[in-house]
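With the first letter of the sequence shown counted as 1, position 108 gets the number 108 in the working numbering; the numbers rise by one all the way through.
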Amino acid sequence: MLVANQLFYNKEIVEELGGIPETWEEFIDLMEEAVHVGYTPITSDEYEFVNFFEGVLYQTSGKEKLFDLMNSEASWTDDEFLKAFELMENLKRVDVSLMDGDPVEEFLA
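The following block contains the structure:
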């Protein structure tokens, strides 16, 4: 199974705000700075939001654990998956606009 996710960004704005982050903490800092100066750092519809979250899931769990989840051999309550939700919650706290509407509220409720 091949899954490819990407994140498009404005190179000029990212450079203005300090450059490409290398860690999740640097990513959060970049998002906070973007909000502070008036940018909406991330925006998408449901499809792109799911792709972004899949990338976070992959980073926190790894391929094998993600396959285990798809085969009902792992649980959403396993630490690796809870970490992914925690990271997404951090974005909400920074007031990053991932997308608008009820799906976001339901996902992060």
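Idealized CB from N, CA, C, for every residue including glycine.
- Task: Compare the Cα-Cα distances from Ala34 to each of Thr23, Phe81, Gly19 and report the closest residue.
- Result: Gly19
- Expressed to the nearest angstrom, what Euclidean distance is found between the alpha-carbon atoms of Glu12 and Arg93? 25 Å
- How would you call Phe27, buried or exposed, if buried means at least 16 neighbouring beta carbons within 10 angstroms? buried
- Item | Exposure label - Val56; buried when at least 16 CB within 10 Å | buried
- May I ask which residues mark the beginning and end of the alpha helix (DSSP H) holding Ala84? Counting along the chain, the alpha helix (DSSP H) containing Ala84 begins and ends at 79-93.
- Message: In whole angstroms, give me the CA-to-CA distance for Glu73 and Leu82.
- Response: 16 Å
- Quick one: what does DSSP say Ser72 is sitting in, helix, strand or coil? coil
- Please work out which residues of its chain come closer than 6 Å, Cβ to Cβ, to Leu30, disregarding the five sequence neighbours upstream and downstream, and give them in chain order. Leu17, Pro21
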